[in-house]
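Numbered by my numbering, the letters in the sequence shown go through residues 19 to 176 in order. By construction, the Cβ of each residue, glycine as well, lies at the ideal position given by its N, Cα and C atoms. Quick caveat, the model's predicted, so the values are computed rather than measured.
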Amino acid sequence: MDNRSMILQVALELFATRGYDGVGVQEVAEAAGVTKPTLYHYFGSKAGLLTALLDEQHEPLNRALERAAAYNGDLPRALETLARAYFDFAGAHALFYRMQLGLYFAPRESEAWQQATERNEQQYQAVTRLFGAAVNDHGNLAGREKLFAAIFIGSVNN
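Here it is in structure tokens:
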């Protein structure tokens, strides 16, 4: 494994188990077997490291959710498919999923929360579109698509 990949893997493990704010750059570098300058070479900062982790890990999640969020006239089946996509991803990427949930509950003023929220917004948009597509068949959803998306995602992550 190259240095960049090793740093990302170690950071993911540490951030998932101890939280982003509970881990320092020196600790990540030592655990990865590299120097701090090497970490800074690849990522520029701890925030840059988080950005790289989120970018690389969120992309497959968002692709899976986009595929799963298709509405074909059967809302219960669509929601079941979407929930399965979440559960499958969380099972296959448990450390990332744990880290992501931790960041979701980080202080809103933190850079980590802001970065995670930007990426989580893509999930909310996909689920909101699903509920929006179902409005013609389920008129009681009209105007409340975002609310139902938040409820659904919250239920899946609980």
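Check whether residue i and residue j have beta carbons under 8 Å apart
i           : j           : result
residue 38  : residue 68  : yes
residue 52  : residue 29  : no
residue 147 : residue 87  : yes
residue 100 : residue 34  : no
residue 144 : residue 107 : no
residue 134 : residue 72  : yes
residue 263 : residue 60  : With the chain represented from 19 up to 176, any question about residue 263 goes unanswered, as that position is not in the structure.
residue 104 : residue 174 : yes
residue 170 : residue 97  : yes
residue 123 : residue 149 : no
DSSP-derived helix/strand/coil call for residue i
i           : result
residue 23  : helix
residue 153 : coil
residue 46  : helix
residue 66  : helix
residue 35  : helix
residue 51  : coil
residue 1   : No answer is possible for residue 1: it lies beyond the span of the chain, which begins at 19 and ends at 176.
residue 41  : coil
Any chain C beta carbon closer than 8 Å to residue i
i          : result
residue 79 : Among the protein chains of the structure shown there is no chain C, as only one such chain exists.
Heavy atom of the ligand MG within 7 Å of residue i beta-carbon
i           : result
residue 141 : No copy of the ligand MG appears in this structure; indeed no ligand is present at all.
Span of the alpha helix (DSSP H) around residue i
i          : result
residue 14 : Because the chain in this structure spans residues 19 to 176, residue 14 falls outside the shown range and cannot be described.
residue 56 : 54–61
Subject >> Ordered list of alpha helix (DSSP H) runs contained in the segment 90–161, each at least 4 residues >> reply: 93–110, 112–122 and 129–151
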